[in-house]
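Scroll down for the structure; my scribbles are underneath it.
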Amino acid sequence: MALPRWTGLLGLIFALTAVAQNSAYKQDQKWAAPPEAAAKQNPVGSSPEAVAGGKKIYLRSCAECHNEDGSGLDNAANLTLPVVQNESDGELFWKISNGNVRRGMPAFSRIPEPQRWQIVSFLKTLKTTESLPAGESPTSKPKQ
């Protein structure tokens with residue numbers, strides 16, 4: 072029995088997507104938040120509302136480079152990796168606010184501060200597929 076033509080096309084799309092993701096991301100060791108910035112606590116927390124708001128802003132402002140699931144495209148950081156997920160909320164906020172010219176990430180200080188904290192809340196929900204329970208995907212809703 073011959074497979075439908077679209078099966079091959081889907082395989083090609085999947086392969087191209089896998090190649091485009093930045094699984095080899097290496098963190099820029101020179102791009103570190105100052106200790107006082109890294110110690111800041113997220114004032115909006117991880118409430119479902121903060122995460123949902125952060126996801127909307129992320130999809131509008133960040134997904135173009137970091138992919139919808141945070142896996143990173145081209146040279147952009149893979150936000151699902153432990154090297155990123157283990158950073159404090161303050162570190163992530165500082166990096167979003169200041170950008171990294173050497174790596175091509177613009178500063179997003181024009182986004183209001185509460186919304187940048189919402190992005191941080193959303194980023195903390197991103198996980199690699201290896202660290203997820205069976206049946207969950209990186210973009211599925213986190214279990215409460």
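Numbers 72 to 215, taken from this note's numbering, label the letters of the sequence shown in order. All residues carry an ideal CB built from backbone N, CA and C; glycine is no exception.
{"query": "For SER168, the first and last residue of its enclosing alpha helix (DSSP H)", "result": "160-169"}
{"query": "Nearest residue (CA-CA) to LYS101, options GLU184, LYS127 and ARG173", "result": "ARG173"}
{"query": "Assigned secondary structure, LEU144 (DSSP; H/G/I helix, E/B strand, else coil)", "result": "strand"}
{"query": "Through-space distance from CYS136 to ILE167, alpha-carbon basis", "result": "13 angstroms"}
{"query": "Own chain partners of LYS195 with C-beta closer than 6 angstroms, once the 5 adjacent residues on each side are dropped", "result": "none"}
{"query": "CA-to-CA distance, GLY125 to LEU144, given in whole angstroms", "result": "20 angstroms"}
{"query": "Separation of ARG131 from PRO105, as counted between CA atoms", "result": "28 angstroms"}
{"query": "Check whether LYS111 and PHE179 have beta carbons under 9 angstroms apart", "result": "no"}
{"query": "CYS218 versus MET176: straight-line alpha-carbon distance, rounded", "result": "What is shown of the chain runs 72 to 215, which leaves residue 218 out entirely."}
{"query": "Boundaries of the alpha helix (DSSP H) in which CYS136 is found, first to last residue", "result": "134-137"}
{"query": "Test item: CB-CB of GLY161 and ALA108 under 9 angstroms", "result": "yes"}
{"query": "Pairwise C-alpha distance: ASN113 and PRO185", "result": "9 angstroms"}
{"query": "Enclosing alpha helix (DSSP H) for ASP187 [first to last residue]", "result": "A quick correction: the sequence has Arg, not Asp, at residue 187. From DSSP, the alpha helix (DSSP H) with ARG187 extends over 184-194."}
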